[in-house]
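Protein chains: 4
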Amino acid sequence: MSSQDVLIHSDDPCHPANLICTLCKQFFHNNWCTGTGGGISIKDPNTNYYYLAPSGVQKEKMTPEDLFVMDAQTLEYLRSPKLYKPSACTPLFLACYQKKDAGAIIHTHSQNAVICSLVFGDEFRIANIEQIKAIPSGKVDPVTKKPMALSFFDTLKIPIIENMAHEDELIDDLHKTFKDYPDTCAVIVRRHGIFVWGPTIDKAKIFNEAIDYLMELAIKMYQMGIPPDCGIGEEKKHLKMASP
Amino acid sequence: MSSQDVLIHSDDPCHPANLICTLCKQFFHNNWCTGTGGGISIKDPNTNYYYLAPSGVQKEKMTPEDLFVMDAQTLEYLRSPKLYKPSACTPLFLACYQKKDAGAIIHTHSQNAVICSLVFGDEFRIANIEQIKAIPSGKVDPVTKKPMALSFFDTLKIPIIENMAHEDELIDDLHKTFKDYPDTCAVIVRRHGIFVWGPTIDKAKIFNEAIDYLMELAIKMYQMGIPPDCGIGEEKKHLKMASP
Amino acid sequence: MSSQDVLIHSDDPCHPANLICTLCKQFFHNNWCTGTGGGISIKDPNTNYYYLAPSGVQKEKMTPEDLFVMDAQTLEYLRSPKLYKPSACTPLFLACYQKKDAGAIIHTHSQNAVICSLVFGDEFRIANIEQIKAIPSGKVDPVTKKPMALSFFDTLKIPIIENMAHEDELIDDLHKTFKDYPDTCAVIVRRHGIFVWGPTIDKAKIFNEAIDYLMELAIKMYQMGIPPDCGIGEEKKHLKMASP
Amino acid sequence: MSSQDVLIHSDDPCHPANLICTLCKQFFHNNWCTGTGGGISIKDPNTNYYYLAPSGVQKEKMTPEDLFVMDAQTLEYLRSPKLYKPSACTPLFLACYQKKDAGAIIHTHSQNAVICSLVFGDEFRIANIEQIKAIPSGKVDPVTKKPMALSFFDTLKIPIIENMAHEDELIDDLHKTFKDYPDTCAVIVRRHGIFVWGPTIDKAKIFNEAIDYLMELAIKMYQMGIPPDCGIGEEKKHLKMASP
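Residue numbers (my numbering), protein chains in the order written: chain A, 3 to 246; chain B, 3 to 246; chain D, 3 to 246; chain L, 3 to 246.
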């Protein structure tokens, strides 16, 4: 085995090279990355190498051989697959690693994200739903020093930025959201999809699932006339049709 | 194998420790417990031990090693996984075991439950649908002494309680529904999800599936203008658009 | 192996005892027979024995051991599982075998069937859709003597009967539809589901899939304002919103 | 093994005979080819033989033995399965091979295609969505000489032709779209489904997935009042209900 291939071959299903492939397949069946859309990057917590899904590959058929591996210090590719180009998302993934201390980033073309970007203005908002408690608040518990989640009574706010012709052109707006929304773990790109990150791939996956659930729910609420961030007990007066 | 691990290791796919994992995976793919939401508890009919899914775990990846086991008499944990905390639902599960003689409890973040909780007031109601016959009526057949199901002409009523910041705060309202709805096998928590129980895990699973089917159908009926509990033959006069 | 068990044990995946289980599992994941709803019966073309799914079983977990086997001549059970009762649908299945020369019958609680039964009156109608060509017309090709399918320009009509408290009470209305719709291969039961039959289980499965596809499409058309049986080119004038 | 069977037996999962079966099964579970609808044809890049799915087969159960193989020069069948007839789509597939230099053609009964054909006139249009970038523009990069994809700011246009009683009657309209839309990789057939082709089966699959995603999105946009080809920033003024 070449020294490059050692980087991607492991019997451990939780090795980044294996996990990216498993999750891309799972996300494909969620309609999140059909037609080669979307992607995942994971930082190996042992080596600090970045593992990156390539551009243009069918996400449900991806294998570890298809992955790029990058050194986090030099930003040089330690391994490049012969058949593929690096994903155009790579600069965005690097920004999340460098500015948000991310351990993994998930990018999908979720239709829920695209629809929310058409309905909402500059910010997706939903409040008072149990699933919000899966999302980090950005605050730290003063006693345990652990990161605190949003509470049921909080409003989840996710910034929405405009899409550009090429993904690397999103970088300025991405950096701006890092400043304007220092606690967000996600950015919606209008008419495009969503980027979600977390300190580990497990966390990023949980955040992404919870946010997609909340976007799906927000669309259903909107279609029934209920503002997704309306107060508890206010739903009925917004309903387009009388409560049964 | 330690004495604690004996509790969770079995070759029998119907052993509670295995069944909780199998069903959590199945429910994950139903969008009922993504983002670590939801949970299941089963009472082992042989030992009367309670098996409980932990807090914060990805439900489709759960293994028997992740489970808590509790003694039904002392309410002490016979086994605690190192990595996880007990679910905040535990007091609610215990209430169902103790007050409703449950053999298993299923908790999901089903979007159908959340949407029904936004549209309905204090009670979910649906009538005159065949699937209602899967739900117990609370009555006992005077001849066979077996529990009787609802009939096609009955109205299924499920109480809806308000959500709180923490799940253990739901306990008072849960006890109140036990009094006000002595025959119910489920409680919807507004903007949160649903709890469903039964004398066995098989029954609880069937009740949960049937109720979710009925909530999904009720939402579709509501969206077309038909009150889900309207009389047979009354549908057409409620339709928003003329019958084709 | 007992003589009764010989009836249900076969290595052939197309043996009726195996095929009923495979299809029930597949239909469960289509949301057609959750909560123990629905069922399948197949006539073994070699023995003329009827294989019948039992009442109350979780359809995705069913095994050949759970099946009833009935002699087509004597209508006596050649095999009865210890744990289950015969399905209440059995008299309806027998009527399809005896009056329609069916080789298999599929019964589902498809929500598309229930919704169509709420929107349509006594007859489901859809016209001018390619998938209609999967449904038999009841006519025979004068040259090849083979059964002919509906054409693209035909209107598929499926009778809708009222539900009763118990499934065996549907028998009179079922017989009436056999007379009024001599060419139909399906009957919708209002607020309940659908029965579909065919000369073989393969045909019954294809008819059921095509009809469910057409009911799903009809609901979408209805929701956009288009009568599902409207003429080709008439769609646009029915649209609730202007064509984009 | 007979010389005919050599054509369809291979251990390579990417051999056309294996790939057609794998993809038909995958597409069946997408609701794209239930009830025997739809089909796939692949040209073997090594032999130039056409592999064709037969008529009337259950697409999720298809095996290599069910396939037709045709010589691209003589258009004679090198292999015909005993049980099946050639698909009525065969002349349409041949037209795509001969006039569009296709390497593979996918035909589905996608409900998204049928609904779009009911809502749109002679052309499906969607603009300014990231997923559009998966579709070829028909232009060639002047430097790299590689085919260029549509850009985010482009409008994807897919012609819609009228359905006929028999699929071979579509041939004239198909040829007309080849002239009127020289760059299209797909044709929607009203009230029927869609044909999508590409230089390889991998490309055809990616195009088909991306187009289905875009048709699904267009229907959702239309239902909310947003013209799928409206300008960026114009969405809000089209919304049926106010932005939340």
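We put the CB at the ideal spot given by N, CA and C, even for glycine. Nothing here was measured: the structure is a model prediction, and the numbers come from that model.
Beta-carbon neighbours of residue i, restricted to chain D and to distances below 7 Å
i                      : result
residue 130 of chain B : 193
residue 133 of chain B : 37, 39, 111
residue 208 of chain B : 37, 38, 60
Local Cβ density within 10 Å of residue i, reported as buried at 16 or more and exposed below that
i                      : result
residue 118 of chain L : buried
residue 174 of chain L : exposed
residue 78 of chain L  : exposed
residue 234 of chain L : exposed
residue 171 of chain L : exposed
residue 26 of chain A  : buried
residue 106 of chain L : buried
residue 38 of chain A  : buried
residue 145 of chain L : exposed
residue 155 of chain A : exposed
residue 109 of chain A : buried
residue 189 of chain A : buried
residue 133 of chain L : buried
residue 191 of chain B : buried
residue 136 of chain A : buried
residue 114 of chain L : buried
residue 238 of chain B : exposed
residue 47 of chain D  : exposed
residue 211 of chain A : buried
residue 23 of chain L  : buried
residue 98 of chain D  : buried
residue 129 of chain B : buried
DSSP state of residue i mapped onto helix, strand, coil
i                      : result
residue 329 of chain B : Only positions 3 to 246 of chain B appear in this structure, which leaves residue 329 of chain B out of reach.
residue 93 of chain B  : helix
residue 223 of chain D : helix
residue 116 of chain A : helix
residue 183 of chain B : coil
residue 158 of chain B : strand
residue 246 of chain A : coil
residue 38 of chain B  : helix
residue 126 of chain D : strand
residue 110 of chain D : strand
residue 86 of chain D  : coil
residue 198 of chain A : strand
residue 216 of chain D : helix
residue 104 of chain A : coil
residue 191 of chain B : strand
residue 46 of chain L  : coil
residue 143 of chain D : coil
residue 174 of chain B : helix
residue 163 of chain B : strand
residue 138 of chain D : strand
Proximal chain B residues relative to residue i, where beta-carbon distance stays under 8 Å
i                      : result
residue 222 of chain A : 113, 117
Chain E contact for residue i (CB, 8 Å cutoff)
i                      : result
residue 204 of chain D : Considering every chain present, this structure includes no chain E. Its protein chains are A, B, D and L.
Assumed close pair residue i, residue j - CB separation to whole angstroms, cut-off 8 Å
i                      : j                      : result
residue 150 of chain B : residue 159 of chain B : With 8 Å as the limit, residue 150 of chain B and residue 159 of chain B do not qualify as a contact, their Cβ atoms being about 16 Å apart.
residue 195 of chain A : residue 112 of chain A : 6 Å
residue 161 of chain D : residue 125 of chain D : 6 Å
The ligand NAP heavy atom lying under 7 Å from the CB of residue i
i                      : result
residue 140 of chain B : Ligands are entirely absent from the displayed structure, and the ligand NAP is therefore not among its contents.
Neighbouring residues, chain D, relative to residue i (Cβ below 8 Å)
i                      : result
residue 228 of chain B : 120
residue 219 of chain B : 113, 116, 117
Contact list for residue i against chain D, beta-carbon separation under 9 Å
i                      : result
residue 234 of chain B : 164, 165, 192, 193
residue 1 of chain B   : Because chain B is modelled from 3 through 246, residue 1 of chain B falls outside the range shown and cannot be assessed.
Proximal residues of chain A, C-beta to C-beta of residue i below 8 Å
i                      : result
residue 123 of chain B : 238, 245
Where residue i meets chain A, residues with beta-carbon distance less than 9 Å
i                      : result
residue 231 of chain B : 246
residue 188 of chain L : Chain A residues near residue 188 of chain L: none, gap ~13 Å exceeds 9 Å.
Contacts of residue i in chain L (Cβ-Cβ under 9 Å)
i                      : result
residue 212 of chain D : 36, 37, 38, 39
Quiz item: Quick one, which residues of the stretch 144-171 of chain B are near chain D if we go by CB-CB under 8 Å, in chain order?
Solution: 153, 154, 155
Exercise. Using a Cβ-Cβ cut-off of less than 8 Å, give me the residues of the stretch 91-120 of chain A that come near chain L, in sequence order.
Key: 111, 113, 116, 117, 120
Exercise. Give, in chain order, every residue of the stretch 32-64 of chain D whose Cβ lies closer than 8 Å to some Cβ of chain B.
Key: 33, 36, 37, 38, 39, 60
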